[in-house]
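Data block below; observations after.
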Amino acid sequence: MKTIKTTLIVLFISILTISCSKDDDETTATPTTPTAFNPNDYSEYVTCKVGDFSYNTGNNSGNTTSIVAFKAGSTLYLDSSDGNFVSSSTAPMEINFQLKNFDLITPKSYEVSGTFPTEVLKHKHVDGDNYDTNNGINTTPQNNAITITKIEDGFYFGTFNFTTYKIVNRATTLQVTQGHFKFKL
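Set out below in structure tokens:
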């Protein structure tokens, strides 16, 4: 009986020692820290400044963000959502583009208009308000607001800059600047 007890105690201590040393190894590992947004880490991305807020989103495995590009007729729709919910709202922040008369082959510039507005929805740092490119006065387009700079291996690369207007108060504006994107159609 003493032999069985001794064997069980030794076995228990051995298991406990192995378990503890495994836990120690895991806790001493250096945790990964978030780094600055790197577009090279994403198959598709949309980055820009919306007012003073940096908007960075990209599709890759394990990421909750989404970028969807689809063409309907001659219009390309590019929808980007960062997947982060605004407090007391059910929608994440989104930027939605409409490129009229989209050219599948040739890089070129596109306007954003008030008639078919480009949108910044649920902007996080202004109480979750919605903005679009319709100024409420006229529908004069903002020329060269979105530019496809390169088409390579089925991916479209480009830049964008434009002014958006708060939907409930068109006198309030937000500048969308330093925009860059990569998407696959």
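In terms of the numbering used here, the sequence shown is residues -18 to 166.
Glycine is no exception: its CB is placed at the ideal position from the N, C-alpha and C atoms.
With distances taken between CA atoms, THR128 lies nearest to LYS89 out of MET74, THR145, LYS89, VAL93. Within the DSSP secondary-structure output, THR145 pairs in a beta bridge with LEU155. Straight through space, the alpha carbons of PHE143 and LYS131 are spaced by roughly 20 Å. For PHE34, the enclosing beta strand (DSSP E) starts and ends at 34 to 40. In the three-state scheme derived from DSSP, where H, G and I count as helix and E and B as strand, ASP22 is classed as helix. Annotation: PHE83 to ASN125 spans about 13 Å, alpha carbon to alpha carbon.
Residue burial is scored here from C-beta neighbours: LYS163 has at least 16 other C-beta atoms within 10 angstroms and is therefore classed as buried.
Here the alpha carbons of PHE141 and ASP22 stand approximately 21 Å from one another.
Looking from the CA of GLN159, the closest CA among THR28, THR145, SER24 belongs to THR28. Between ILE148 and ASN111, the C-beta spacing is below 8 Å. Your pair PHE97 and GLN79 checks out as a contact, with CB atoms roughly 5 Å apart and the cut at 8 Å. Per DSSP, reduced to three states, the secondary structure at GLY135 is coil, with no helix or strand assignment. Here THR46 is near SER62, since their CB atoms are less than 8 Å apart. Pairing GLY32 with VAL101, the inter-Cα distance amounts to about 11 Å. The C-beta distance from THR114 to VAL93 rounds to 5 Å, short enough to meet the 8 Å contact threshold. By alpha-carbon distance to PHE138, the top candidate from THR153, ASN41, LEU155, ALA50 is ALA50.
Boundaries of the beta strand (DSSP E) around SER47: 47 to 53.
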